[in-house]
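Heads up, the thing below is written out as structure tokens.
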Amino acid sequence: MRVKWLPAAVLALVACVYAPSLAGGWVWDDHSLLANNPALASVRALWSTDVWSPSGTSVSDLYRPLVMTSYLPGQTLFPGPLSARLGNLVIHLTMVILIAVLGQDLGAGRRAAWLGAALFGVHPGATEPVAWVTGRHDSLPALLLLGAFVALPRRPILAGLLCACAPLAKEPYMLAPLAFGLWAWGRRQWSWPALAIACAGPVAALVGRRIAEVQLPVGAATSDLLAAIGALAARGLTLLTVPASADAAAPYHGNPAIGVLAVTALVGAGVALLRGRRAFALGLAPLVVLLPCAPASAQIDIVADRYFYLAFAMLAVGLSCAASGRRWAPALWGLVAVLSPVTVVRANEWSSDLAVWAASYALHPDNPHAAFHLAYAQQEYALDCASAVPLYEQALAAEPRARTNVMACLLLLGQNERAVALAPRLIAMDPENPKIYAAEARAYVGLGQLDRAVASANRAVAIGGRAEDMILAGNIAGQIGDLDAAERAFRAAQVAVPDSAEAVAGLRAVAARRAAPPPPPVTPPG
Numbered sequence: 007m008r009v010k011w012l013p014a015a016v017l018a019l020v021a022c023v024y025a026p027s028l029a030g031g032w033v034w035d036d037h038s039l040l041a042n043n044p045a046l047a048s049v050r051a052l053w054s055t056d057v058w059s060p061s062g063t064s065v066s067d068l069y070r071p072l073v074m075t076s077y078l079p080g081q082t083l084f085p086g087p088l089s090a091r092l093g094n095l096v097i098h099l100t101m102v103i104l105i106a107v108l109g110q111d112l113g114a115g116r117r118a119a120w121l122g123a124a125l126f127g128v129h130p131g132a133t134e135p136v137a138w139v140t141g142r143h144d145s146l147p148a149l150l151l152l153g154a155f156v157a158l159p160r161r162p163i164l165a166g167l168l169c170a171c172a173p174l175a176k177e178p179y180m181l182a183p184l185a186f187g188l189w190a191w192g193r194r195q196w197s198w199p200a201l202a203i204a205c206a207g208p209v210a211a212l213v214g215r216r217i218a219e220v221q222l223p224v225g226a227a228t229s230d231l232l233a234a235i236g237a238l239a240a241r242g243l244t245l246l247t248v249p250a251s252a253d254a255a256a257p258y259h260g261n262p263a264i265g266v267l268a269v270t271a272l273v274g275a276g277v278a279l280l281r282g283r284r285a286f287a288l289g290l291a292p293l294v295v296l297l298p299c300a301p302a303s304a305q306i307d308i309v310a311d312r313y314f315y316l317a318f319a320m321l322a323v324g325l326s327c328a329a330s331g332r333r334w335a336p337a338l339w340g341l342v343a344v345l346s347p348v349t350v351v352r353a354n355e356w357s358s359d360l361a362v363w364a365a366s367y368a369l370h371p372d373n374p375h376a377a378f379h380l381a382y383a384q385q386e387y388a389l390d391c392a393s394a395v396p397l398y399e400q401a402l403a404a405e406p407r408a409r410t411n412v413m414a415c416l417l418l419l420g421q422n423e424r425a426v427a428l429a430p431r432l433i434a435m436d437p438e439n440p441k442i443y444a445a446e447a448r449a450y451v452g453l454g455q456l457d458r459a460v461a462s463a464n465r466a467v468a469i470g471g472r473a474e475d476m477i478l479a480g481n482i483a484g485q486i487g488d489l490d491a492a493e494r495a496f497r498a499a500q501v502a503v504p505d506s507a508e509a510v511a512g513l514r515a516v517a518a519r520r521a522a523p524p525p526p527p528v529t530p531p532g
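The letter at position 510 of the sequence shown is residue 516 when you use our numbering, and the numbering goes up by one with no holes.
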């Protein structure tokens, strides 16, 4: 193939590889962050709160206004997952172009540069941040930093601006100015104005956090860092060399031994750098923003594939330089052909919750996180509680949400005896969870054991004080004829939620029963 057609051919190949996944829907965090996020209606809202609060899921220490704002145009003009998935693909294709440009800047021939770009574009290890909409939280800051590297010799001020934007997309990129400085020094393209602008990015992110009242991320214990770095390094090597099915819940396995080797290599590179070997700066630059992902992996107990997106991009640049002018380089096009269908399958596994969690569970059938998410997908999207229950039971110890979800499934299936039998075990695990007591109360109602039901409902009210539990207690009290207790429960629910229609209906039912004439006495026969 003529070299002039090579860029178009590579971009077309990458687009074709990911095209089938564009038909996918919202997956995992997409439901909360995009499908059900009222903040997407306002730029101001996206810049004045953390990532999770607007969806009502939880309060978090994640402040990523830039990446959240990037979804706004697509969701405003074309709501739904297609526009968001197209946006991710555009980011990935731009990364492919920048890798080829950067490879040529570093001395690679055009053919070799596009070879490295093609390998990155179709490598299965890059599928998560491309085929999963929320994966943009990793691909966009990577694009900004890589763009800064490319722009540095051409437009230093633009390079500084791109680097400054990265910390507003994800927390590890607070170190982007350090990576940018290492790159500039290694390339002998130092620019004080560009570096000053780049350093304004973390400052802006910190100021934004302060204004939005978002707390700083909690760091990991120093004693765990070696194990976390080892886990990150081991997962990265596995993902690079043996990419299997989509793995949204790759388990965290702390590995201090590999951590020591990785840190030793980093120290050696640092020493070489100090001795004037500037080439090591080019390799260390992307690792600066990768290392903070190690304690994050330890904290969430998952080593996510998306963490390696920028590192793999820089490896592709390095491969471009190594392959330039080599006789063996054309053979790597065969690797591109081999990897492409693997990536098609892997990307399609990110098309739905059921698909991605089935793939993860198949890889790690003993992983409680994968079991929980597959169970939730079965319950929520396939409406298959029968399949979800055993998976939830597998995840009870590790996932608190599994404890209430399994009870909900058992109640829906009408398995009240099984729910009552399981409740003591769940209460022992989570004694302060009112939802478990409420579910136990409903199971007792289904069995006709109203005295036990009212005791469980009252316990739920005492622990959680939730209006829905008060209404449950009132309904059960009404069923056993204790109208005073029922009225107290409904009035308490009305105080908690003044516009509660259920509380008003309960009070009316109590009043109606009190106003009704007593039933006539039963005359004994004879």
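By construction, the Cβ of each residue, glycine as well, lies at the ideal position given by its N, Cα and C atoms.
This structure is a prediction, so every number in the text was calculated from the model and none was measured.
Look at the alpha carbon of residue i and the alpha carbon of residue j, and state the distance between them as a whole number of angstroms.
{"i": "residue 436", "j": "residue 406", "result": "8 Å"}
{"i": "residue 449", "j": "residue 423", "result": "7 Å"}
{"i": "residue 456", "j": "residue 489", "result": "14 Å"}
{"i": "residue 48", "j": "residue 398", "result": "37 Å"}
{"i": "residue 273", "j": "residue 294", "result": "13 Å"}
{"i": "residue 388", "j": "residue 185", "result": "45 Å"}
{"i": "residue 257", "j": "residue 463", "result": "38 Å"}
{"i": "residue 161", "j": "residue 270", "result": "36 Å"}
{"i": "residue 15", "j": "residue 385", "result": "43 Å"}
{"i": "residue 207", "j": "residue 129", "result": "31 Å"}
{"i": "residue 511", "j": "residue 433", "result": "31 Å"}
{"i": "residue 311", "j": "residue 516", "result": "57 Å"}
{"i": "residue 394", "j": "residue 360", "result": "11 Å"}
{"i": "residue 228", "j": "residue 34", "result": "Reliability fails at residue 228, whose pLDDT of 48 lies under 50, so the model's placement of it is uncertain and the value that follows must be treated cautiously. Answer to the nearest angstrom: the Cα atoms are 31 Å apart."}
{"i": "residue 380", "j": "residue 110", "result": "44 Å"}
{"i": "residue 11", "j": "residue 246", "result": "28 Å"}
{"i": "residue 255", "j": "residue 243", "result": "17 Å"}
{"i": "residue 140", "j": "residue 112", "result": "32 Å"}
{"i": "residue 50", "j": "residue 115", "result": "46 Å"}
{"i": "residue 518", "j": "residue 480", "result": "15 Å"}
{"i": "residue 468", "j": "residue 304", "result": "35 Å"}
{"i": "residue 61", "j": "residue 45", "result": "8 Å"}
{"i": "residue 438", "j": "residue 470", "result": "8 Å"}
{"i": "residue 301", "j": "residue 486", "result": "54 Å"}
{"i": "residue 250", "j": "residue 241", "result": "12 Å"}
{"i": "residue 443", "j": "residue 466", "result": "5 Å"}
{"i": "residue 339", "j": "residue 59", "result": "46 Å"}
Identify which residue in the options has its Cα closest to the Cα of residue i.
{"i": "residue 372", "options": "247, 396, 30 and 509", "result": "396"}
{"i": "residue 42", "options": "294, 87, 73 and 462", "result": "87"}
{"i": "residue 322", "options": "354, 104, 463 and 311", "result": "104"}
{"i": "residue 192", "options": "55, 289 and 32", "result": "289"}
{"i": "residue 142", "options": "73, 381 and 426", "result": "73"}
{"i": "residue 440", "options": "478, 272, 345 and 418", "result": "478"}
{"i": "residue 261", "options": "243, 239 and 272", "result": "239"}
{"i": "residue 354", "options": "136, 122, 35 and 453", "result": "136"}
{"i": "residue 404", "options": "411, 416 and 374", "result": "374"}
{"i": "residue 138", "options": "36, 318 and 382", "result": "36"}
{"i": "residue 215", "options": "416, 10 and 69", "result": "69"}
{"i": "residue 117", "options": "198, 316, 101 and 325", "result": "325"}
{"i": "residue 382", "options": "194, 430 and 412", "result": "412"}
{"i": "residue 120", "options": "233, 89 and 342", "result": "342"}
{"i": "residue 376", "options": "309, 524 and 236", "result": "309"}
{"i": "residue 150", "options": "188, 204 and 131", "result": "204"}
{"i": "residue 318", "options": "127, 81 and 420", "result": "127"}
{"i": "residue 344", "options": "363, 100, 500 and 248", "result": "248"}
Going by DSSP, name the residue or residues bridged to residue i.
{"i": "residue 308", "result": "257"}
Since residue i and residue j are thought to touch, with beta carbons under 8 Å apart, how far apart are those beta carbons, to the nearest angstrom?
{"i": "residue 252", "j": "residue 91", "result": "In fact, because the Cβ distance is near 15 Å, the residues do not count as touching under 8 Å."}
{"i": "residue 513", "j": "residue 497", "result": "7 Å"}
{"i": "residue 506", "j": "residue 315", "result": "Not confirmed; about 47 Å, so no contact."}
{"i": "residue 148", "j": "residue 174", "result": "With 8 Å as the limit, residue 148 and residue 174 do not qualify as a contact, their Cβ atoms being about 14 Å apart."}
{"i": "residue 222", "j": "residue 67", "result": "6 Å"}
Okay, do the segment 10–24 and the segment 92–110 touch, 3+ Cβ pairs below 8 Å being the bar?
By the Cβ test, the segment 10–24 is in contact with the segment 92–110, since at least three Cβ pairs between them sit closer than 8 Å.
Per the contact definition of three or more C-beta pairs closer than 8 Å, is the segment 330–350 in contact with the segment 139–155?
In short, these stretches do not touch, since the Cβ pair count stays below three.
Per the contact definition of three or more C-beta pairs closer than 8 Å, is the segment 162–171 in contact with the segment 52–59?
Touching, no.
The segment 354–371 contacting the segment 21–35, beta-carbon criterion three pairs below 8 Å
In short, these stretches touch, since the Cβ pair count reaches three.
Is the segment 172–188 close to the segment 294–305, with three or more CB pairs under 8 Å?
Contact between the segment 172–188 and the segment 294–305 is present: 3 or more CB-CB pairs across the two stretches fall below 8 Å.
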